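Numbering (my numbering), first residue to last: 169 to 559. Each residue gets a CB set at the ideal place from its N, CA and C atoms; glycine is no exception. These numbers come from a predicted model, not from an experiment. Worksheet: one structure, shown below.
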């Protein structure tokens, strides 16, 4: 029996490569393990959201949830967009809940791509691997657009050929950037949105880190578009904002014609958000104070990293997100392997987040460190990393 041919092109996930790299390595038994590998927040989940979930769980478990979400949920999401970005989004036509951005970012390609068109999907390189998997399983061809510090770790729009623009169906964008933590300026987003209308492709913005920033709050792709957000969609999540990765809750907002198609797809896909999760999500999207506290905790850790690693590792503090993306002197795989063997700290080689194009892997020579642990474990990990670099 033949399966979806996209399976044949799926690559191992970065953490599968990491497991192979560290197989057989024995770290010091006297040091506790500190993983800085997976971007899973370890801060305290927003308590009011958990209380709201538990309050309705038993009475709602026997009910099918509405695919489009309740009016209260969509209104809460639209209210946050208004407070955070000064955006007026029609909650009935321009917004749809998803079970976390990962699920939504994957499903949107399945809903909107016609494989018979020989569709092309562009994505930054390095990138979040869901973009590639979504393209392949939708029968499209992924195109990897190299990023570098000179261009805010974003694809250089001036280097995209006319032929590629004409063949594009989707353009995945991540801002703030995973893994570099850079932020797309408004002018960049405006240019990309204009190209999407001119060449009739869809920009899918992954904005799950947008509430974790150092100084200036990043803008949304939706801020760059006038009217009813033609050809653009922005995905948001409670995983990072409210430390609720296990809740699997987010939403997509944008072009109402695309939202309508996505809603029809999800009716058949059958992945409505449970009413208990919707209740928790309403509580989380309706409160901003806990997000401010969360952001201050991350900023404290970044200040700690800047001080501890100064002169030892080229670890520039990024404007947003919770990753360090430092350059290292040598092979990023061996750096991470030796770091684990000597310090019991886990980091990820940068090349695992990128694809080699024309003989160049833009993630090689870097490592990704996720500053998601609590303050004490982060301090301990940074001190071990500093001592490792000294050696």
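Pick from the options that is closest to residue i, judged by C-alpha positions
i           : options            : result
residue 538 : 462, 489, 310      : 489
residue 529 : 519, 284, 449      : 519
residue 392 : 477, 363, 479      : 363
residue 316 : 293, 310, 450, 331 : 293
residue 560 : 311, 326, 459, 238 : The structure shown does not extend to residue 560, since the chain is modelled only from 169 through 559, so no value can be given for it.
residue 271 : 283, 299, 506      : 299
residue 188 : 505, 531, 527, 554 : 505
residue 481 : 533, 378, 221, 376 : 533
residue 259 : 281, 421, 277      : 421
residue 440 : 525, 370, 264      : 264
residue 205 : 468, 515, 557      : 515
residue 111 : 426, 491, 379, 410 : In the structure displayed, the chain extends from 169 to 559; residue 111 sits before or after that span and is not available.
residue 405 : 371, 380, 483, 461 : 380
residue 496 : 202, 462, 553, 369 : 553
residue 203 : 319, 219, 542      : 542
residue 185 : 521, 257, 365      : 521
residue 319 : 179, 558, 356      : 356
residue 587 : 369, 517, 409      : Because the chain spans 169 through 559 in this model, residue 587 falls outside it and cannot be assessed.
residue 465 : 351, 326, 382      : 382
residue 332 : 358, 310, 351      : 310
residue 486 : 352, 257, 171      : 352
residue 214 : 463, 170, 238      : 463
residue 394 : 402, 403, 312, 358 : 358
residue 367 : 479, 468, 329      : 329
residue 517 : 183, 171, 172, 178 : 183
N-terminal and C-terminal residue of the alpha helix (DSSP H) that residue i is part of
i           : result
residue 299 : 298–305
residue 424 : 424–437
residue 185 : 182–190
residue 263 : Unbroken run through residue 263 is the beta strand (DSSP E), 263–266; no alpha helix (DSSP H).
residue 178 : Unbroken run through residue 178: none, as it is neither H nor E.
residue 555 : 543–558
residue 194 : First-last for residue 194: undefined, no H or E at that position.
residue 229 : Taken as a continuous stretch (DSSP letters only), residue 229 belongs to no alpha helix (DSSP H), as it is neither H nor E.
residue 247 : 239–253
residue 144 : Nothing about residue 144 can be read from this structure; the chain reaches only from 169 to 559.
Anticipated Cβ contact below 8 Å, residue i with residue j, distance rounded
i           : j           : result
residue 224 : residue 443 : 6 Å
residue 424 : residue 242 : At roughly 13 Å, the Cβ-Cβ gap does not stay under 8 Å, so residue 424 and residue 242 are not in contact.
residue 279 : residue 454 : No, residue 279 and residue 454 are not in contact; Cβ-Cβ is about 28 Å, not under 8 Å.
residue 341 : residue 308 : That pair is no contact at about 16 Å.
residue 433 : residue 275 : 7 Å
residue 375 : residue 407 : That pair is no contact at about 12 Å.
residue 493 : residue 349 : 7 Å
residue 174 : residue 304 : 4 Å
residue 322 : residue 345 : 7 Å
residue 283 : residue 302 : Not really, about 13 Å apart at Cβ, beyond 8 Å.
residue 536 : residue 347 : 4 Å
residue 412 : residue 477 : Not a contact, Cβ separation roughly 30 Å.
residue 525 : residue 314 : 7 Å
residue 450 : residue 246 : Their Cβ separation, rounded to whole angstroms, is 12 Å, which puts residue 450 and residue 246 out of contact at 8 Å.
residue 297 : residue 181 : 6 Å
residue 457 : residue 410 : Going by Cβ atoms, the distance from residue 457 to residue 410 rounds to 11 Å, so no, they are not a contact pair.
Delimiting residues of the beta strand (DSSP E) encompassing residue i
i           : result
residue 442 : No beta strand (DSSP E) holds residue 442; DSSP gives it neither H nor E.
residue 172 : That residue, residue 172, is in no beta strand (DSSP E); it is neither H nor E in DSSP.
residue 309 : 309–314
residue 290 : 288–293
Closer than 7 Å: residue i CB and nearest the ligand COA heavy atom
i           : result
residue 424 : The model depicted lacks the ligand COA and carries no ligand whatsoever.
Contact with chain C by residue i, beta-carbon distance below 8 Å
i           : result
residue 286 : Absent from the structure: chain C. Only one protein chain is present.
Counting pairs of beta carbons, one from the region 502–510 and one from the region 184–203, are three or more of them closer than 8 Å? When C-beta atoms of the region 502–510 are compared with those of the region 184–203, three or more pairs fall below 8 Å, so the two segments count as touching.
Hey, is the region 228–248 in contact with the region 533–552, meaning 3+ C-beta pairs nearer than 8 Å? No, they do not touch.
Please go through the region 462–537 and give each complete beta strand (DSSP E) segment of 3 or more residues, from N-terminal end onward. Counting whole runs of 3 or more residues, the region 462–537 contains no beta strand (DSSP E) stretch at all.
If you pair each beta-carbon of the region 461–478 with each one of the region 385–405, do three or more pairs fall below 8 Å? Taking a cut-off of 8 Å on C-beta distances, the region 461–478 does not touch the region 385–405, as fewer than three cross pairs fall below it.
What residue ranges within the region 385–416 form continuous beta strand (DSSP E) runs of no fewer than 3 residues, ordered along the chain? The region 385–416 contains these whole beta strand (DSSP E) runs: 400–405.
Touch check for the region 445–452 and the region 212–231: three-plus C-beta pairs under 8 Å? Touching, yes.
Residue ranges of each alpha helix (DSSP H) run of no fewer than 4 residues wholly in the region 318–398, ordered along the chain? Those alpha helix (DSSP H) runs which fall completely within the region 318–398 and span 4+ residues are 330–335, 354–367.
So, do the region 327–345 and the region 285–300 have three or more beta carbon pairs nearer to each other than 8 Å? Yes, since at least three Cβ pairs between the region 327–345 and the region 285–300 fall closer than 8 Å, the two stretches touch.
Can at least three beta-carbon pairs, one atom from the region 495–509 and one from the region 408–428, be found at a separation below 8 Å? In this structure the region 495–509 does not lie against the region 408–428, because fewer than three pairs of beta carbons, one per stretch, are closer than 8 Å.
Cβ contact (3+ pairs, closer than 8 Å) linking the region 426–440 and the region 204–218: With a cut-off of 8 Å, the region 204–218 and the region 426–440 do not count as touching, because too few Cβ pairs lie within range.
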